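Colleague:
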Amino acid sequence: MQFFDRAYEGDPPWELGRPQPEFVALEAAGEIRGRVLDVGCGTGENALYYALRGHPAWGIDFAPNAIRRAREKGAARGSSAHFEVASALELDGLHTTFDTVTDCGMFHTFLDEHRPVYARSAASVLPPGGRCFILCFSEEEPTDWGGPRRVTQAELRATFTEGWAFRWIRPARFETNFAGVTGRAWMAALERVVPGPPRRPASRTAHRVRRRTASSSSAPRG
Ligand SMILES: C[S@@+](CC[C@H](N)C(=O)[O-])C[C@H]1O[C@@H](n2cnc3c(N)ncnc32)[C@H](O)[C@@H]1O
């Protein structure tokens, strides 16, 4: 947390002073619906944008400096967006729910053990039918400049299992505040689903019928 809080004493490379274009495009496409929570919101540009577009919007971040700056921006712009210092790993503590959760550049900061905790935490604020969008650095981004962890599609799919369905994952780009410098990313679109009943192995009868069908179809013909 200290790393991020100190970063917000200045302008870190991800601080654009405007929303991340991938989320502007999602909003324009109608993918961002209803009440929106931007987790790891930094100085709040995405949440401020959702509010400007008419969504009841919240942003949370565990870095107090980020939330202080988000609130200052909100006040200066007359925004209705609401900002709180909170952990993305304990979203049930917000005691409210949303229709859409967005994560712009936070998932790739987590340690392995944080990932399943995050999946459960996000599920706690999204009822079935709710949507979640995650923009994270992909393994296709070169590592020669350092930067955060790279994430594969398989890692995303392994994290969001019970109670989640992937609608799609597509290649995307992070913009930075270095002119012309962008990073390769995945944009993952998930939906909360009601977990189905546990899968039972096929019954013995069905197995015998399948075997009989298979042996009769392999009998010599003609
Ligand atoms: C790379 S920054 C992106 C900030 C912002 N989404 C943006 O695009 O400008 C990652 C953010 O996630 C926040 N963060 C990381 N782990 C968090 C956690 N467990 N709970 C809340 N915020 C977290 C950091 O404080 C930081 O603001």
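Numbering (the numbering used here), first residue to last: 2 to 223.
We put the beta carbon where it would ideally sit given N, CA and C, even for glycine.
Since the model is a prediction, treat every value here as computed from it, not as a measurement.
1. Closest by CA to D15, which one among R168, A52, G45?
2. Quick one, which of R70, F138, E32, T153 has its alpha-carbon nearest G147's?
3. Work out the CA separation of G75 and F5 for me, nearest whole Å.
4. Does DSSP classify L157 as helix, strand or coil?
5. Span of the beta strand (DSSP E) holding V182?
6. Taking the alpha helix (DSSP H) that R70 belongs to, which residues open and close that run?
7. Under three-state DSSP, which class holds R222?
8. In this structure, does DSSP put S88 in helix, strand or coil?
9. Using DSSP bridges, identify the partner residues of H83.
10. Hey, quick one: how far does the alpha helix (DSSP H) through R116 stretch, first residue to last?
11. Around the Cβ of L112, are there at least 16 other Cβ atoms within 10 angstroms (buried) or fewer (exposed)?
Modeller: In terms of the structure at hand:
1. Before going on, a small fix: residue 15 reads as Trp here, not Asp. Residue G45 is the option with its Cα nearest to W15.
2. F138
3. 20 Å
4. helix
5. First-last for V182: undefined, no H or E at that position.
6. 65-78
7. With a pLDDT of 36 at R222, under the threshold of 50, the modelled position of this residue cannot be trusted; read the value that follows with caution. Coil at R222, not helix or strand.
8. coil
9. DSSP output for H83 lists W59 as bridge partner(s).
10. 115-125
11. exposed
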